[in-house]
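This report refers to the structure that appears directly beneath it.
Residue numbers (the working numbering), protein chains in the order written: chain A, 373 to 723; chain B, 53 to 324.
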């Protein structure tokens, strides 16, 4: 029995890969990425004493912007566009420190450090004044739900078709592969969209999460993101023969997104060697969009980068996946000269 | 006339079909028989356009006039019998009263009317195959391809299925079906016996029997074990060349005997 089990295991490359890769992945992730403490805060200093104040700040505050002619409004714009974690407004007593509450762990580090300064600095947390975890988690969870539906549920729906042999049947029917793909994906797209609306509304009602930005921009970002994850779901279905394989593979795609997208652990707190993986994951960019729009009311123009990256991902992944699926559906090369139709049409009665 | 001519299909280094020519005339049933891995499903799937040919040609109607029942369930488990039929009929453009009448007619012929509202997942194996068959013929195809329609089906449902197949052929459809039941295959107008991707013998049952060379004997203790096989409580033994030894009982071979004997010839030639 033991030998038999080992033999089966060796032949099940996917499970074997999971058994070998997963512990290593978890070790690396939790070793290098699982860090809530942000040791460097992107900082802006504006106002007449900007240069002097910038020099006096402890090393925790990494001053990236020094603007003596800048105003409080300029500082708020930098925070809203997520260019900095903290902005000091000089020229007033005490100096005003504005903290970006949408970056929860960076904000917690900043507030802890600023509290030590006592009366010299007045601290004001923007976008998440209570530094509530739910406020930063829920915009990310919306993305996670879309990822779950897009990858696991969609790939299962597609693979079930293959397992039942009905995909084979669809392939010989007079229905275009594009129609099959559209018919398979559209329901999941709609269900995911409805789920997203329900979760967003519940987040606002139950947890008081603000929605400060443009809902249409949010819907656009979610729509593009859905195409990415649906594409992943279709791709997974093309490399899986059974539902079990599809779930295993989807898990491979899902786990890094949960751990390395900035949903739980802040990207800026991760080791550089791991952080780059986070920047390859679509959920990272959706979280940038959802937190930016919901919490900071960021305009779409300021979010052009995550929108662009997601759009490129959507085009590449969705197109590649549907082409693979299309190949599964039409393997017989119907346009091949080897396939002809008889010159005379057959007459058929009432079978 | 539909069919394949000099069809060759390779899966990697495996030759699944080797220069196979099969004609499927309208109004008749052509049965493809052979052991596991003989190439039956590959032949059917090639004709259905599911498998590309590495050589040869295919003559098949457009998809609109092709009906196909795959070896698997062939129906959507989470849809009812009626919903399954309506979905497929819709793809072929059947709707309204024409669909209602056609659905009722087919359900009645397949004795599935009482199960019309039942989920396909809750059907018995035989009922599910009959549903798959209905879905394959709902649009009155010119070419009907059935991959082992009766495998795993109880004897009563097999009779029902065969009746449906015969009716389809009687109304003009060209039917190509694979089967592992040789008694069933004997009823077909034409037989194609495949082994390792090659045709062992082809023709009507009478032609196949008439063309069969050699003698088959019934014995309790075969002289050459490599040329013998079990039939019920006795064994049959094939004598391809010289006649059997005196005193042995010669039997008239049926299709099962012929297929096994020809396969043994091929196998023993290959191993010699």
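Where is the CB? At the ideal position from N, CA and C, for every residue including glycine.
For clarity, every value in this text was computed on a predicted model and none was experimentally measured.
Here residue 570 of chain A is exposed, its C-beta having fewer than 16 other C-beta atoms within 10 Å. For residue 60 of chain B, DSSP records a beta bridge to B/107.
Spanning the alpha carbons of residue 57 of chain B and residue 299 of chain B requires a straight line of approximately 46 Å.
For residue 260 of chain B, the enclosing alpha helix (DSSP H) covers residues 257-262. Within the stretch 530-541 of chain A, the residues whose Cβ lies closer than 7 Å to any Cβ of chain B are, in chain order, 536, 537, 538, 540, 541. For the stretch 128-146 of chain B, residues whose beta-carbon sits nearer than 8 Å to a beta-carbon of chain A comprise 128, 129, 140, 143, 144.
Around the beta carbon of residue 462 of chain A, 16 or more other beta carbons sit within 10 angstroms, so the residue counts as buried. Residues of chain A with a Cβ closer than 9 Å to the Cβ of residue 264 of chain B do not exist, since the nearest Cβ in that chain sits about 32 Å away.
Taking C-alpha positions only, residue 432 of chain A is separated from residue 413 of chain A by approximately 6 Å.
Using a Cβ-Cβ cut-off of 8 Å, residue 118 of chain B is close to 544 of chain A, given in chain order.
Judged by their CB atoms, residue 290 of chain B and residue 266 of chain B are nearer to each other than the 8 Å cut-off.
Contacts between residue 93 of chain B and chain A, judged by CB atoms closer than 9 Å, are missing: the closest CB pair is about 10 Å apart.
Taking C-beta atoms under 8 Å as the contact rule, residue 494 of chain A and residue 468 of chain A qualify, at a distance of about 5 Å. Taking residue 117 of chain B as the centre and dropping the five residues before and after it, the same chain places the C-beta of 193, 194 closer than 6 Å to its C-beta, in chain order. Pairwise C-beta distances place the stretch 636-644 of chain A in contact with the stretch 392-405 of chain A, as three or more of them are shorter than 8 Å. Between residue 638 of chain A and residue 410 of chain A, the C-beta gap is smaller than 8 Å, which places the two residues in contact.
Put simply, of B/87, B/86, B/96 the residue whose alpha carbon is nearest the alpha carbon of residue 60 of chain B is B/96. Contiguous alpha helix (DSSP H) elements confined to the stretch 490-520 of chain A occur at 505-519, taking only those with 4 or more residues. Interface criterion not met: the Cβ of residue 521 of chain A is under 8 Å from no Cβ in chain B. The CB of residue 125 of chain B comes closer than 7 Å to the CB of 536, 537 in chain A, given here in chain order. Contact check for residue 456 of chain A and residue 416 of chain A: beta-carbon distance about 4 Å, within the 8 Å limit, so the pair qualifies. Per the C-alpha coordinates, the member of B/81, B/150, B/63 positioned closest to residue 107 of chain B is B/63.
Your pair residue 85 of chain B and residue 245 of chain B checks out as a contact, with CB atoms roughly 5 Å apart and the cut at 8 Å. Scanning B/319, B/307, B/249, B/164 for the CA closest to the CA of residue 71 of chain B turns up B/249.
For the options B/114, B/69, B/102, B/90, the alpha carbon positioned closest to that of residue 54 of chain B is the one of B/114.
With its beta carbon less than 8 Å from one in chain A, residue 115 of chain B belongs to the interface. By the 16-neighbour rule on beta-carbons within 10 angstroms, residue 122 of chain B is buried. At the C-beta level, residue 162 of chain B and residue 216 of chain B come within 8 Å of one another. Counting the other CB atoms within 10 Å of its CB gives residue 212 of chain B a total of 16 or more, which places it among the buried residues. Around the beta carbon of residue 511 of chain A, a 10 Å sphere encloses 16 or more other beta carbons of the protein chains shown; the residue is thus reported as buried. With 16 or more neighbouring CB atoms inside 10 Å of its own CB, residue 604 of chain A falls in the buried class.
Contact annotation: residue 523 of chain A and residue 626 of chain A have beta-carbon atoms nearer than 8 Å. Taking C-beta separations shorter than 6 Å and ignoring five residues to either side along the sequence, the partners of residue 224 of chain B in its chain run 78, 79, following chain order.
Under the Cβ criterion of 8 Å, residue 122 of chain B is counted among the residues facing chain A.
By the neighbour-count criterion, in which a residue is buried when 16 or more other Cβ atoms sit within 10 angstroms of its Cβ, residue 380 of chain A is exposed. With respect to the C-alpha of residue 713 of chain A, the residue from B/83, B/66, B/109 having the closest C-alpha is B/109.
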